[in-house]
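Everything in the sequence shown is counted per our numbering, starting at 52 for the first residue and increasing by one. Glycine is no exception: its CB is placed at the ideal position from the N, C-alpha and C atoms.
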Amino acid sequence: MRCQGLCVTLPLLAAAHLAHADDVPNTAIPDAAPAVEQVETNSSASGIDYFGFEAIQLTDTAFLNLSTAIQNITDADIFSFGDADDAVLRRRTFSSCKLHPSDRLWPSKMIWKLFNLVLGGRLIEAVPLAAVCYPDWPQYDEARCAVVTARWNDPAYLAADPTAIDWPINEGVTCIPPAFARPNSTCTGGGMPAYVVNVTNVAQIQLAVNFARNFNLRLNVKNSGHDFNAKSTGGGSLSIWTHYLRDLEYLGDRNKYGGPAFKIGSGVSTEQLFKAADARGLQVVGGLARTVGIAGGFFLGGGNSPLMPKYGMGADQVLAMEVVLPSGRFVTVDETSNPDLFFALRGAGPSTYGIVTSVVYRAWPKTPITRLTYTFARGNATADNFWKGMDAFHALAPAWTEAGIFSYWSVACTNTIDCTLSMAPQIAPDMSIDEVQAINAPLFRKLHCLGIVVDNLNYTTFDGYFAAYKDTWPPETNTAGYWFFHTTSRIFPESNWKDPVKLAAQNSALRATAEAGGMVTIYYVKPPTNPALNQNNAVLPAWRKGLAFAMSNVVYGPDFTGEQIAEANKLAVEALQPWRDVSPGSGTYLNECDINEPDFQQALYGENYAYLYRLKKTYDPWGLLYAAQAVGSEDWYITDQIPYYPTQNGRLCPV
């Protein structure tokens, strides 16, 4: 017979019972070995073998063994799987905020000690990376602080730390090196986790998911920490850190997906996969930053890429996944197994429906690449002629994207008349220099007629994308750790280029932003229809109809208070309204959007949102997985927030 209300409170009662039992000797804690079971690697429903770390699972048998092993210490329900039928009862029982370390019912040290043992010693008590710079922390160490400060802007360094994230502004800027901080800053745990599970197998993820759900803890997932809006952290949370799930295997012809593919762990970085593909005469769709996790947030949020105009978005490349669900169950997700999740996770899945441990990812034969870079400024031309040149530039975007060319450029103005465009770069797969010259010739002729000089013109060829990538975006171009700017963005529809009035209005809106002092950065990209792939996924539909993804930044002063940041962010939302006005019904990129984006449900998910929300309630009726602007996030709020400056520094509570 199913238990009633008391059963869902047992984990909390266990915690309360052991609240003063921290002196229980280690000998009283049983052997944790029964907490896992080694299954056959060939037992995945995908037909592709599990990685070794995926074959180590928390199964029903393993849970029963664990229950017996810990029966004299605490109730085994703290590690039990979720039952969706009991979710309503559980929500009624846990009707308040997620537990916080300051709460009376927060798990005792004894429970955390047991949890660590069951995990095989993979639990980390979280300490901010920059705590070594603050004398009031026991970790204070001037020499280590010097190292942290020197490497604070290195995303690889931040990715390799359990708590650090690339963009601390929406964490709350609660602990960063003094050299980068506001005057008289302090260090607190703020928007960072209380504990981190440094996972090395699937069972550890399952145990962490079950532990957090059954104790009503806030749970977050960190892969590499690149997310603009701090999806990979959470104040007082239990964090699952997947950075070291870095297994990679080339499947060759041994897969059922009709083309070359890799199986990659969720911790595999862009650079790691690019290098492996190139060594086999292949190339893959990936981001610009070297440390981005391809099988982490990149594809879950859609996946913009220089190769997108040639092959499609990152989400389109995913052929199968292995996923730990909020229930704690480990499942295969592909076209035939859990097809609803196969739709949702590809494009709308960061910290929403489950924790991905690996993906099968499509690769493509390596092609020659031509790269073009140049600049042009007003110079001796009139300001009006410069913007006529920009109109000619914009007009070529459809031809570029149709040819599979990726164009990444920016325009900045030092005042209302002195502006410069930088093309940095165009990437043209499988095109020669002559072909790239020919497609750009109309623009350069027009600029010459307007009296505008094209400077720094350079064409370079490479034998494949990885060589072009390394030369174009060397490690020093990948930076992180800054808190004094904030990004806004918008996708502009292809239909604007088919209507001269709409295109003129769009160009005018971009000009106004640049002349007001905001750098405008734009990707001319359009994901093609690729018949070799299943593109029926949750990527924002505006991407399929778009031709440009545009970004602008608001910059804060070095001593800005939270209130001043909020005011600047509010002005940024208002300043972007002209972009929204010239792109009605469009949206923006989930991975690189404004955390204050109005009507995020439409702007980030479009007409898919109602279906995605129903799926969220089906697979996560407990509300276990939360992230800013994720599907279902409107059901929660974080306490003590300043309007227009949301951070992770507060309690997570139901609306």
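Residue i vs residue j beta-carbon contact at 7 angstroms
i           : j           : result
residue 348 : residue 278 : yes
residue 676 : residue 458 : no
residue 394 : residue 588 : yes
residue 517 : residue 325 : yes
residue 433 : residue 575 : no
residue 258 : residue 396 : no
residue 341 : residue 316 : no
residue 572 : residue 684 : no
residue 569 : residue 603 : yes
residue 354 : residue 371 : no
residue 455 : residue 416 : no
residue 226 : residue 181 : yes
residue 218 : residue 249 : no
residue 91  : residue 113 : no
residue 309 : residue 351 : no
residue 478 : residue 413 : no
residue 464 : residue 565 : yes
residue 505 : residue 495 : yes
residue 598 : residue 545 : yes
residue 586 : residue 284 : no
residue 245 : residue 152 : yes
Local conformation of residue i per DSSP, three classes
i           : result
residue 725 : Since the first residue of the chain shown is 52 and the last is 706, residue 725 is not available in this structure.
residue 308 : coil
residue 567 : coil
residue 475 : strand
residue 107 : strand
residue 287 : coil
residue 176 : strand
residue 256 : helix
residue 705 : strand
residue 262 : helix
residue 300 : strand
residue 190 : coil
residue 122 : coil
residue 421 : strand
residue 157 : coil
residue 200 : helix
residue 687 : strand
residue 511 : strand
residue 480 : strand
residue 150 : strand
residue 501 : coil
Cβ-Cβ separation, residue j to residue i (assumed contact under 8 angstroms), whole Å
i           : j           : result
residue 424 : residue 360 : 18 angstroms between Cβ atoms; not a contact.
residue 617 : residue 282 : Not quite, the Cβ-Cβ distance comes to about 20 angstroms (not below 8 angstroms), so this is no contact.
residue 264 : residue 103 : So it is not a contact: roughly 26 angstroms between Cβ atoms.
residue 346 : residue 409 : 6 angstroms
residue 392 : residue 374 : 7 angstroms
Neighbourhood of residue i by C-beta, 8 angstroms cutoff - its chain only, sequence neighbours within 5 removed
i           : result
residue 74  : Here residue 74 scores only 49 on pLDDT, less than 50, and its place in the model should not be relied on; the value that follows carries that caveat. Closer than 8 angstroms at Cβ, skipping near neighbours: no residue.
residue 262 : 129, 130, 166, 268 and 289
residue 697 : 221, 646, 647, 679 and 689
7 angstroms CB neighbourhood of residue i in its chain, flanking five on each side removed
i           : result
residue 687 : 674, 677, 703, 704, 705 and 706
residue 438 : 562
residue 376 : 382, 405 and 670
residue 557 : 543, 547 and 633
residue 195 : 183
Sheet register partners of residue i (DSSP bridge)
i           : result
residue 292 : 249 and 273
residue 674 : None; residue 674 has no bridge partner.
residue 372 : 384 and 410
residue 543 : 599
residue 461 : 473 and 572
residue 693 : 696
residue 604 : 538
residue 227 : BP columns for residue 227 are empty, so no partner.
residue 415 : 334
residue 506 : 426
residue 315 : 299 and 410
residue 344 : 320
residue 89  : 107
Own chain, CB closer than 6 angstroms to residue i, minus 5 neighbours either side, in chain order
i           : result
residue 621 : 695
residue 509 : 424
residue 173 : 248, 249 and 255
residue 200 : 228 and 230
Interface flag, residue i vs chain B, CB-CB below 7 angstroms
i           : result
residue 579 : Of the protein chains in the structure, only one exists, and it is not chain B.
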